[in-house]
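Trainee: The structure's right below; bear with me while I get my questions together.
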Amino acid sequence: MTLKKQTLLVTGGAGYIGSHTVLALLEAGHEVVVLDNLSNSSPQSLARVARLAGRAPVFIEGDIRDDTVTRALFARYSIDAVLHFAGLKAVGESVREPLRYYDNNVAGSLALCQAMAAAGVFSLVFSSSATVYGEVAQMPISETTPTGRPSNPYGRSKLMVEELLADLAQSDPRWRIGVLRYFNPVGAHASGSIGEDPNGIPNNLLPYITQVAVGKLAQLTVFGDDYPTPDGTGVRDYIHVVDLAAGHLQALNALQTRSGWQVWNLGTGQGYSVLEMVHAFEAASGQAVPYRIAARRAGDVAQCWSDPAKAEQELGWCARRGLPEMMADAWRWQSANPQGYGGD
Ligand code: NAD
Ligand code: UD1
-18 MTLKKQTLLV TGGAGYIGSH TVLALLEAGH EVVVLDNLSN SSPQSLARVA RLAGRAPVFI
42 EGDIRDDTVT RALFARYSID AVLHFAGLKA VGESVREPLR YYDNNVAGSL ALCQAMAAAG
102 VFSLVFSSSA TVYGEVAQMP ISETTPTGRP SNPYGRSKLM VEELLADLAQ SDPRWRIGVL
162 RYFNPVGAHA SGSIGEDPNG IPNNLLPYIT QVAVGKLAQL TVFGDDYPTP DGTGVRDYIH
222 VVDLAAGHLQ ALNALQTRSG WQVWNLGTGQ GYSVLEMVHA FEAASGQAVP YRIAARRAGD
282 VAQCWSDPAK AEQELGWCAR RGLPEMMADA WRWQSANPQG YGGD
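Those letters in the sequence shown? Residues -18 to 325, per our numbering, in order.
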């Protein structure tokens, strides 16, 4: 079944994953309303999305916790479903500022659900993370793997929202909730005009690599080469952000026929080590990435990759783009936009 044309609210739609998903939604013919407080993004991302799509989403600058804004939004637009990306995501910052994380991510999601219920909107796709599984001994990780104890407040905020949503679905059969557990999103749109634009020094591996390659940072620090993995460095399931965006359309589609609380892993099913990532980036970009080995980073797990079978069976979705494409697209974005959206 294909998705009928809908009017969708995308919270956090100016951000990295949100902007790629807004583009995919516009390209599929949907009407899109973005609500974003621009705390970690630039309106330039949506201007570029509009250029790529040939039409613009409605943009409302505001906070998901502000019920004056959300009530007015639901009154004005006839929203069919909500894709909820808005939230804070920096792990280290969440350790230093847990209250800000629980407020934005947990209280923000609660306020959004209250506004949805008041407006009679009951379809929601939520951006969760593989971090909710905590430390898992057996790979790959499927949705039947029990959730664990995430190692930081960011991860715990995601797990709390998942549980809140499960309780909500249990309480009222009108709710249709899709929880998407992302593995490691990387890459950028093939045009090179939208991509990841982290504030300050990147925490995540691929933006760090691309900033070394473009000359903004001197060298990569590889956190640990003594893990029980083939080359000793950490292994993750990196997924192209355009594949991830497509997964959201398939989840919306599935919610037409499935009610209650549903969960799907969005990953490729393939793990790569830090050094494999470095070498794949060098091969795709022709740029050298100098690195040094350092101690393990606190809170890191040795390995984490998905079993993507449930999403394939139930959503008819699988990741199509491999490592060379992830690397080429990440580099195209970074080299064309060395200052991110700040260069506009
Ligand atoms: P991002 O920071 O680029 O995008 C999040 C957007 O939400 C930003 O535009 C920000 O301004 C907005 N925002 C934050 N708090 C808000 C609030 N209270 N009200 C309105 N807008 C608000 O992050 P992203 O990488 O695009 O991540 C999107 C979602 O996916 C987040 O919920 C994140 O936790 C989750 N996620 C991301 C990753 C990843 O590696 N990027 C992995 C797993 C899960
Ligand atoms: C991290 C977060 C996770 C979040 C995810 C996506 C932690 C503990 N986990 O996951 O909650 O959902 O980002 O935003 O922070 N690495 C280096 N050098 C670097 C950066 C990373 O060697 O400069 C290594 C890491 O040790 C890891 C791999 O690269 O082995 C991937 O790291 P990263 O991109 O930060 O993602 P995760 O740690 O998987």
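Note that the Cβ used here is the ideal one computed from N, Cα and C, for glycine as well. Remember, it's a predicted structure, so these values are computed and weren't measured experimentally.
1. Does at least one heavy atom of ligand 1 sit under 8 angstroms from the Cβ of Asp17?
2. Any idea what DSSP makes of Arg301, helix, strand or coil?
3. Is Ser109 closer than 9 angstroms to Val244 when the C-beta atoms are compared?
4. Report yes or no: do the stretch 282 to 302 and the stretch 144 to 152 share at least 3 C-beta pairs separated by less than 8 angstroms?
5. Using only the alpha-carbon positions, how far apart do Met97 and Lys70 sit?
6. My guess is that Leu247 and Tyr114 are in contact by the Cβ rule of under 8 angstroms, so how many angstroms apart are they, rounded?
7. Provide the residue span of the alpha helix (DSSP H) that contains Ser90, from first to last.
8. Taking the CB atoms as reference points, tell me whether Gly68 and Ser138 lie closer together than 9 angstroms.
9. In terms of alpha-carbon separation, which member of Leu161, Val160, Thr238 and His260 lies closest to Thr214?
10. In terms of residue numbering, what span does the alpha helix (DSSP H) encompassing Phe262 cover?
11. Beta strand (DSSP E) containing Val50: first to last residue?
12. Do Tyr(-3) and Glu177 have their C-beta atoms closer together than 9 angstroms?
13. Taking only three categories from DSSP, how would you classify Glu74?
14. For the alpha helix (DSSP H) that contains Asn234, what are its first and last residues?
15. Taking 8 angstroms as the threshold, find out whether the stretch 0 to 11 comes into contact with the stretch 24 to 43 through three or more Cβ pairs.
16. Give the DSSP-derived three-state secondary structure of Arg130 in the structure shown.
17. Does the beta-carbon of Val(-9), which I'm using as the reference point, lie nearer than 8 angstroms to any heavy atom of ligand 2?
18. In angstroms with no decimal places, state the Cα-to-Cα distance between Ser266 and Gln25.
19. Specify the secondary structure class of His1 as computed by DSSP and reduced to three states.
20. Given a cut-off of 9 angstroms, decide if Ile122 and Gly285 are closer than it, judged by their beta-carbon atoms.
21. Between the C-alpha atoms of Leu80 and Leu(-11), what's the straight-line distance to the nearest angstrom?
22. Using CA atoms only, rank isn't needed, just tell me which of Gln(-13), Arg277 and Gly252 is closest to Val102.
23. With hydrogens ignored, establish whether the beta-carbon of Pro127 is closer than 8 angstroms to any heavy atom of ligand 2.
24. Could you have a look at Leu198 and say whether DSSP puts it in helix, strand or coil?
25. How is Asp249 classed by DSSP in three states: helix, strand or coil?
26. Over the uninterrupted beta strand (DSSP E) stretch that includes Arg162, give me the two end residues.
27. If you follow the alpha helix (DSSP H) that Tyr322 is part of, which residue opens it and which one closes it?
28. For Gly96, verify whether its CB is less than 8 angstroms away from any heavy atom of ligand 1.
29. I'd like the ranges of any beta strand (DSSP E) spanning at least 3 consecutive residues and lying wholly in the stretch 169 to 218.
30. I need the DSSP call for Pro166, collapsed to helix, strand or coil.
31. Ignore the nearest five residues each way along the sequence and tell me which others in Ala34's own chain have a CB closer than 7 angstroms to its CB.
Mentor: Quick look at the numbers:
1. The residue given as residue 17 occupies position 36 in the sequence shown. Yes; taking the cut-off as 8 angstroms, the Cβ of Asp17 has a heavy atom of ligand 1 nearer than that.
2. Along the sequence shown, one-based indexing puts residue 301 at 320. If DSSP states are grouped into helix, strand and coil, Arg301 belongs with coil.
3. As a first step, residue 244 is located in the sequence shown; it is residue number 263 there, counting from the start. As a first step, residue 109 is located in the sequence shown; it is residue number 128 there, counting from the start. The answer is yes: Cβ separation under 9 angstroms.
4. no
5. To locate residue 97, count along the sequence shown from 1; it is residue 116. To locate residue 70, count along the sequence shown from 1; it is residue 89. Cα to Cα, the separation comes out at about 23 angstroms.
6. Within the sequence shown, numbered from 1, the residue matching residue 247 stands at position 266. Within the sequence shown, numbered from 1, the residue matching residue 114 stands at position 133. Not really, about 13 angstroms apart at Cβ, beyond 8 angstroms.
7. Translated into positions along the sequence shown, residue 90 becomes position 109. Here the alpha helix (DSSP H) through Ser90 covers Gly89 to Ala100.
8. The count along the sequence shown starts at 1 and reaches residue 68 at position 87. The count along the sequence shown starts at 1 and reaches residue 138 at position 157. Yes; because the gap between Cβ atoms is below 9 angstroms, this pair is in contact.
9. The residue you call residue 214 lines up with position 233 of the sequence shown. Among Leu161, Val160, Thr238 and His260, the Cα nearest to that of Thr214 belongs to His260.
10. Taking the sequence shown and counting its residues from 1, one reaches residue 262 at position 281. Val255 to Ser266 is the span of the alpha helix (DSSP H), which, as asked, contains Phe262.
11. Locating residue 50 in the sequence shown gives position 69, counting from the first residue. No beta strand (DSSP E) holds Val50; the alpha helix (DSSP H) holding it covers Asp48 to Arg57.
12. Along the sequence shown, one-based indexing puts residue -3 at 16. Along the sequence shown, one-based indexing puts residue 177 at 196. Contact flag set, yes.
13. The count along the sequence shown starts at 1 and reaches residue 74 at position 93. Helix at Glu74.
14. Numbered from 1 along the sequence shown, position 253 holds the residue referred to as residue 234. Val222 to Leu236 is the extent of the alpha helix (DSSP H) around Asn234.
15. yes
16. In the sequence shown, residue 130 corresponds to position 149, counting from 1. Coil at Arg130, not helix or strand.
17. Here residue -9 is taken as the residue at index 10 of the sequence shown, counted from 1. Checking the Cβ of Val(-9) against ligand 2 gives no.
18. By 1-based counting over the sequence shown, the position of residue 266 is 285. By 1-based counting over the sequence shown, the position of residue 25 is 44. Cα-Cα distance, rounded: 26 angstroms.
19. In the sequence shown, the residue the question calls residue 1 occupies position 20. Correct three-state label for His1: helix.
20. For this step, residue 285 is matched to residue 304 along the sequence shown. For this step, residue 122 is matched to residue 141 along the sequence shown. With the sequence shown as reference, residue 285 is identified as Cys, and Gly is not the correct amino acid for it. Yes; because the gap between Cβ atoms is below 9 angstroms, this pair is in contact.
21. One-based indexing of the sequence shown puts residue 80 at position 99. One-based indexing of the sequence shown puts residue -11 at position 8. Those two C-alpha atoms are separated by around 30 angstroms.
22. By 1-based counting over the sequence shown, the position of residue 102 is 121. For Val102, the nearest C-alpha among the options comes from Gln(-13).
23. Counting from 1 along the sequence shown, the entry for residue 127 is found at position 146. Because no heavy atom of ligand 2 lies under 8 angstroms away, the Cβ of Pro127 does not count as near it: no.
24. Start at 1 with the first residue of the sequence shown, and residue 198 comes out as number 217. If DSSP states are grouped into helix, strand and coil, Leu198 belongs with coil.
25. Along the sequence shown, read from residue 1 onward, the residue named residue 249 stands at position 268. Going by the sequence as given, residue 249 is Thr instead of Asp. DSSP places Thr249 in coil when its eight states are reduced to three.
26. In the sequence shown, residue 162 corresponds to position 181, counting from 1. It spans Arg157 to Tyr163 - the beta strand (DSSP E) in which Arg162 sits, taken as one unbroken run.
27. Looking up residue 322 in the sequence shown gives position 341. That residue, Tyr322, is in no alpha helix (DSSP H); it is neither H nor E in DSSP.
28. What you label residue 96 is simply residue 115 of the sequence shown in a count that begins at 1. The displayed chain sequence assigns Ala, not Gly, to residue 96. Flag unset: Cβ of Ala96 not near ligand 1.
29. 201 to 204
30. One-based indexing of the sequence shown puts residue 166 at position 185. DSSP places Pro166 in strand when its eight states are reduced to three.
31. As a position in the sequence shown, residue 34 is number 53, starting the count at 1. Contacts found: Leu4, Leu7 and Glu8.
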